[in-house]
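K.L.:
Sharing a structure, written as structure tokens. Questions coming.
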Amino acid sequence: MYLFEDEKWRNFRPLSYSRPISDLRVGCTSLGEKIEAYAGRAVKGLLIRDYVAPVAKEEHPGLLVNQVNEETTLFVNSRFIPTGDFHRDIADLAPGDVLLDKREDVIAFNGPYRILKEAMEDGTVANEKLRSLARSSRKIDIAMPLYIWDLIRLNVQELIRDFEILKKRGTFGKIDMGVHILNRMYVYIDETAVIKPGVVIDAEEGPVFIDRDVTIGPNSVLVGPLFVGPGSVVKMGAKLNHGVSLGPVTKAGGEIEETIIQGYSNKQHEGFLGHAYLGSWVNIGADTNNSDLKNTYGPIKVNFFGQEINTGMIFLGLIMGDHSKSGINTMFNTGTIVGFSANVFGGDFPPKFIPSFGWGGASGITEYDLEKALEVAKRVMQRRNVKLTPAYEKLFRHLYEITRNEREPYLSSR
37 MYLFEDEKWR
47 NFRPLSYSRP
57 ISDLRVGCTS
67 LGEKIEAYAG
77 RAVKGLLIRD
87 YVAPVAKEEH
97 PGLLVNQVNE
107 ETTLFVNSRF
117 IPTGDFHRDI
127 ADLAPGDVLL
137 DKREDVIAFN
147 GPYRILKEAM
157 EDGTVANEKL
167 RSLARSSRKI
177 DIAMPLYIWD
187 LIRLNVQELI
197 RDFEILKKRG
207 TFGKIDMGVH
217 ILNRMYVYID
227 ETAVIKPGVV
237 IDAEEGPVFI
247 DRDVTIGPNS
257 VLVGPLFVGP
267 GSVVKMGAKL
277 NHGVSLGPVT
287 KAGGEIEETI
297 IQGYSNKQHE
307 GFLGHAYLGS
317 WVNIGADTNN
327 SDLKNTYGPI
337 KVNFFGQEIN
347 TGMIFLGLIM
357 GDHSKSGINT
367 MFNTGTIVGF
377 SANVFGGDFP
387 PKFIPSFGWG
397 GASGITEYDL
407 EKALEVAKRV
417 MQRRNVKLTP
427 AYEKLFRHLY
437 EITRNEREPY
447 LSSR
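If you count the sequence shown from 1, you need to add 36 to reach my numbering.
In structure tokens:
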């Protein structure tokens, strides 16, 4: 089984700029891991944008990248969130057929790679073209996530479903006698985790999964459904409300609710982060807050790379790409989108869209110097014992070039 990206990868920016769609996290796992679990088949390779491929090869050494070794096999759209019937759906897929979602986007194709390749442009599959090339199609009553905020919306349900798939129960770590655990049967604490005095773990409304080498600081409150990824640290007095997914090596503090953090990021100080999605290598300054609810309680609109979109969501906070940062006391409005490697600071609310490599806030946006941005990225990654490889540097530089159009309106108006 191979995972492919379709032309709607752009809808998952800024997170999808720097990684395959299959690496995006929702619930306890990535999209790719979910597909593998529900399909009951191993993922052998990824078919992705060419510019992302070199880094993906480094991060997934066991997978083929933009290479298929079988003449005929199963190809699955990497933005698909499967259900328990998925293994039967693909088993019933005859050679040459496609499985479609409600919007008639291709979920899966069973057939020759040469046909899939005919439907590809710049490493991604055009849904309409693949439908036209297929022998026949079958539609199922599922809608794949269409935008990055759909993953935020689905995170609570995916945390609950993933807990059942992971099939782990029990509290095995170094747990202080002063720790209170509610509904213990829906809690997993890895044997390498450390839970300090005064911590409350509340699984009465959803499961709590604490992975290996996690430290939970004193007097923290963790409310499920919740996932704390390997090597992460929850700071003392933190309040992690329901629906939080912390990827690996994340520092979390203050108040966080219904938020996904991809991993290797810091949100360790006081301040509220709600209904948000942060990429990797992000740093949120002390007392940074995001609004996730309009005073009118109306649906939230976003400025999505120059296009105004009504998300239909009542709760939606901050979406921030990899390597971006906020200064102390930064205030983000509902549905704010911050691109890749941006630096946001200053008083008052910044614009609801900050371009990639943008520098500034409410008083104006300038361009973040590429060489300085790279130097900071190297320093930040080194602090986590991660090397910024030549392939990653090439990706970084490429993103600077392809995001110029995001910055142009801000720079030309100065």
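Think of the CB as a built atom: it goes at the ideal place given N, C-alpha and C, for glycine as much as any other residue.
Which residues in the same chain have their Cβ closer than 6 Å to the Cβ of Asn319, if we skip the five residues on either side of it in sequence?
P.N.:
So the qualifying residues of the chain are Asn302 and Lys361.
K.L.:
Closer than 8 Å is the cut-off here; do at least three beta carbon pairs connect the segment 98-105 with the segment 140-147?
P.N.:
no
K.L.:
With a cut-off of 8 Å on the beta carbons, I'd call Asp358 and Asn163 a contact; round off their distance for me.
P.N.:
About 27 Å; that fails the 8 Å criterion.
K.L.:
Nearest to Pro284 by alpha carbon, out of Gly307, Glu403, Thr65 and Phe122?
P.N.:
The candidate whose alpha carbon is nearest that of Pro284 is Thr65.
K.L.:
In the DSSP assignment, the beta strand (DSSP E) including His123 goes from what residue to what residue?
P.N.:
No beta strand (DSSP E) holds His123; the alpha helix (DSSP H) holding it covers Phe122 to Ala127.
K.L.:
May I ask you to list the residues that DSSP assigns as paired with Asp328?
P.N.:
None; Asp328 has no bridge partner.
K.L.:
Given Leu410, which residues of its chain have a CB within under 7 Å of its CB, disregarding the five upstream and five downstream residues?
P.N.:
Glu429 and Phe432
K.L.:
Who pairs with Lys303 in a beta bridge, going by DSSP?
P.N.:
Ala288
K.L.:
Quick check on Glu107: buried or exposed, where buried means 16 or more other Cβ atoms within 10 Å of its Cβ?
P.N.:
exposed
K.L.:
With DSSP run on the structure shown, which of helix, strand or coil describes Pro148?
P.N.:
strand
K.L.:
May I ask you to list the residues that DSSP assigns as paired with Gly397?
P.N.:
Per DSSP, Gly400.
K.L.:
Identify the continuous alpha helix (DSSP H) that holds Gly68 and give its terminal residues.
P.N.:
Leu67 to Ala75
K.L.:
Sort Leu329, Asn191, Gly363 and Lys423 by Cα distance to Ala398 and report the nearest one.
P.N.:
Nearest C-alpha to Ala398: Gly363.
K.L.:
State the DSSP-derived secondary structure class of Asn421, mapped to helix, strand or coil.
P.N.:
coil
K.L.:
Since His434 is in the alpha helix (DSSP H), which residue starts that stretch and which ends it?
P.N.:
If you look at His434, you'll find it in the alpha helix (DSSP H) that goes Pro426 to Ile438.
K.L.:
Mind reading off the beta-carbon distance from Gly334 to Thr366? Whole number of angstroms is fine, and I expect it under 8 Å.
P.N.:
At roughly 24 Å, the Cβ-Cβ gap does not stay under 8 Å, so Gly334 and Thr366 are not in contact.
K.L.:
Report the start-end ranges of each beta strand (DSSP E) in the segment 146-226 that is 3 residues or longer and not cut off at the edges.
P.N.:
172-175, 216-218 and 223-225
K.L.:
In the structure shown, what three-state DSSP assignment does Lys275 receive?
P.N.:
strand
K.L.:
Using alpha carbons as the reference points, say which of Val235, Pro261 and Ile225 lies closest to Val250.
P.N.:
Ile225
K.L.:
Provide the residue span of the beta strand (DSSP E) that contains Glu344, from first to last.
P.N.:
Per DSSP, Glu344 belongs to the beta strand (DSSP E) from Gln343 to Asn346.
K.L.:
Nearest-angstrom Cα distance between Gly267 and Gly289?
P.N.:
When rounded, the distance between both Cα atoms is 15 Å.
K.L.:
Identify every residue that forms a DSSP beta bridge with Asn113.
P.N.:
Phe40
K.L.:
With distances taken Cα to Cα, identify the nearest neighbour of Leu39 among Arg85, Arg46, Val62 and Val259.
P.N.:
Arg85
K.L.:
Hey, would you say Ile231 sits closer than 8 Å to Val257, going by beta carbons?
P.N.:
no
K.L.:
According to DSSP, which residues form a beta bridge with Leu51?
P.N.:
None, per the DSSP bridge assignment.
K.L.:
Could you check what DSSP says for Glu411 in three-state terms: helix, strand or coil?
P.N.:
helix
K.L.:
Could you name the residues of the same chain whose beta carbon sits closer than 8 Å to that of Asp141, not counting the 5 residues immediately before and after it, in chain order?
P.N.:
Asp42, Lys44, Asn113, Asn163 and Met180
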